[in-house]
Each structure stands twice: as C-alpha cells, then as structure tokens.
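J.: Supplied in structure tokens, the structure appears directly below.
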Amino acid sequence: MPQMLQSGVSKKNQVHLTAGSSIPLLRNSLWIVANGMVKLGAVTEQGDELLLGLVGPNEPFGEPLSMVEAYEAITLTDCDLICLTLEEISQSSDLSMLMVNAVAARVRQTEFMLSLLGLRRVEDRVRAFLELMAQDYGQPCDQGLRVGLRLTHQEIASALSTTRVTVTRVVGQLRDQGWLTLDAQRHLVITHLPQR
C-alpha cells in the first residue's frame, strides 16, 4: 500500500476480513484493498450471479462507483481493507489523486472485460481473460505468472457470457497445449503471455 495512504488513515478505518466474507457497501464510502483480493458481482432478476470485476491491492470499490442493482463484494482471500468516506477523500488532495489513478485503472480493466465479449470465439475470450488476470494480479514464478486467485469455472463463465462446461473444456485444452499449468497448490500458472 502506498506509504502516504497508510500513514494518512487511522486504525478505525481499517478492517480485516477472512476469505468468503461479504463486505458491507455503504452509500457514502469507498473501500480500498490494502492486501488481498475482492470479487465484485451482482445477481440478476433470474437469480444468476454475474462477475463484474476483481479488485486487488490499492484499488477502490464501493457503492458510489457502481450503478448496478444488487451489487455485492466478497473477499476471495483474507483481506485488509480501508474504508474512507467521500468527505475524507475530498478533503485530502493526496487521497483524491490516489482515487483518480485507481479509478482510471478500474475503468481500463472494465473496458477490457467488455471488449472480451466482442470476441467471437469463446476460446479467445477465456485465454484473454486469463491473460488479464495474470498481468494484473499474477506473481512471477519459474514457469510464468501464477494467478493466486481461486475463481470457479462458473465465475469465469459468467464474466464471459458462456457456460461453465465450455470454460472447463477450454481450460483443459489450454492445459493440453501447455499454455497453462497448475502448481502444487492448484493455482493456475500462465506460461505463455503476449508482450504488450
């Protein structure tokens, strides 16, 4: 976490949540991930779950940044979070600039996610989604980039407008091709990333 943010936030604004916890979304506050990963989602009127995005260290999320009904945030890993009111952010030029940069990064991720839906072949969508996860949240290892997130095939399918069965098939094909592997903890390792 940027030192400026850490030093400018009181302990009362910080909270620790375990993996699988629901994060309360407040009308006039934003959350910032200090450590860990958060899944942003929504539930449709038909009861289907949608994956709207992922939020990692130094990235903000919260009700003021979304117009989606039934918006929810769930921790994917143990997380340390910081809650800041919009008033606190507006009174600090440093926090405001940090938010502008972080929101710009979220917009870029969202646009990329939307662009994936324009890809005709599901195989291309799955590959591009996994590349995005590796580039944004991957950790270098001997074989490539290790994606420490535990997303289900259903969650990936909901993000890419396809079925769980199709995602399972494509992931199997990518493993057979050597494009990805699983490490000892069963995390995905992307072995072939394009240069961007």
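So for the sequence shown, the working numbering puts the first residue at 162; every next one is plus one. A virtual CB, placed ideally from N, CA and C, is assigned to each residue, including glycine. If you're wondering where the values come from, they're calculated on a predicted model, not measured in any experiment.
#1: When burial is assigned at 16 or more other CB atoms within 10 Å of the CB, is THR179 buried or exposed?
#2: Nearest-angstrom Cα distance between ALA289 and LEU277?
#3: Per DSSP, THR236 is paired with what?
#4: Which same chain residues, not among the five before or five after ASN196, have their C-beta less than 7 Å away from its C-beta?
#5: Is it the case that the Cβ atoms of GLN346 and GLU284 are separated by a distance below 9 Å?
#6: Please tell me whether, using a cut-off of 8 Å, the distance from the CB of ARG330 to the nearest non-hydrogen atom of the ligand FMN is below it.
#7: Please report the residue range of the alpha helix (DSSP H) in which ARG325 lies.
#8: Using a Cβ-Cβ cut-off of 8 Å (strictly less than) and excluding sequence neighbours within five positions of SER257, which residues of its own chain qualify?
#9: Determine the contact status of VAL308 and LEU349, defining contact as a CB-CB distance below 9 Å.
#10: Suppose the cutoff is 8 Å on Cβ atoms and the five residues either side in sequence are ignored; what does the same chain contact list for LEU211 look like?
#11: Reducing DSSP to helix, strand and coil, say where LEU187 ends up.
T.: Based on what the coordinates show:
#1: Start at 1 with the first residue of the sequence shown, and residue 179 comes out as number 18. By the 10 Å Cβ count, THR179 comes out exposed.
#2: To locate residue 289, count along the sequence shown from 1; it is residue 128. To locate residue 277, count along the sequence shown from 1; it is residue 116. Cα to Cα, the separation comes out at about 7 Å.
#3: Taking the sequence shown and counting its residues from 1, the one referred to as residue 236 is at position 75. According to DSSP, which records beta bridges pairwise, THR236 is partnered with VAL199.
#4: Residue mapping note: residue 196 aligns to position 35 of the sequence shown, counting from 1. Excluding residues within five positions, the ones whose Cβ falls inside 7 Å are PRO218, CYS240, ASP241.
#5: Looking up residue 346 in the sequence shown gives position 185. Looking up residue 284 in the sequence shown gives position 123. Result no, Cβ atoms of GLN346 and GLU284 do not sit closer than 9 Å.
#6: This structure lacks the ligand FMN; in fact it carries no ligand of any kind.
#7: Here residue 325 corresponds to residue number 164 of the sequence shown, with the count starting at 1. Taken as a continuous stretch (DSSP letters only), the alpha helix (DSSP H) holding ARG325 covers 325 to 337.
#8: Taking the first residue of the sequence shown as position 1, residue 257 is located at position 96. Answer for SER257: ILE250, SER251, listed in chain order.
#9: Stepping through the sequence shown from its first residue, residue 308 is reached at position 147. Stepping through the sequence shown from its first residue, residue 349 is reached at position 188. Contact: yes.
#10: Position 50 of the sequence shown, counted from the start, is the residue given in the question as residue 211. Counting only Cβ-Cβ distances below 8 Å, and skipping sequence neighbours, we find GLY202, ALA203, VAL204, THR205, SER319, ALA320.
#11: Translated into positions along the sequence shown, residue 187 becomes position 26. Secondary structure at LEU187: coil, using DSSP grouped into helix, strand and coil.
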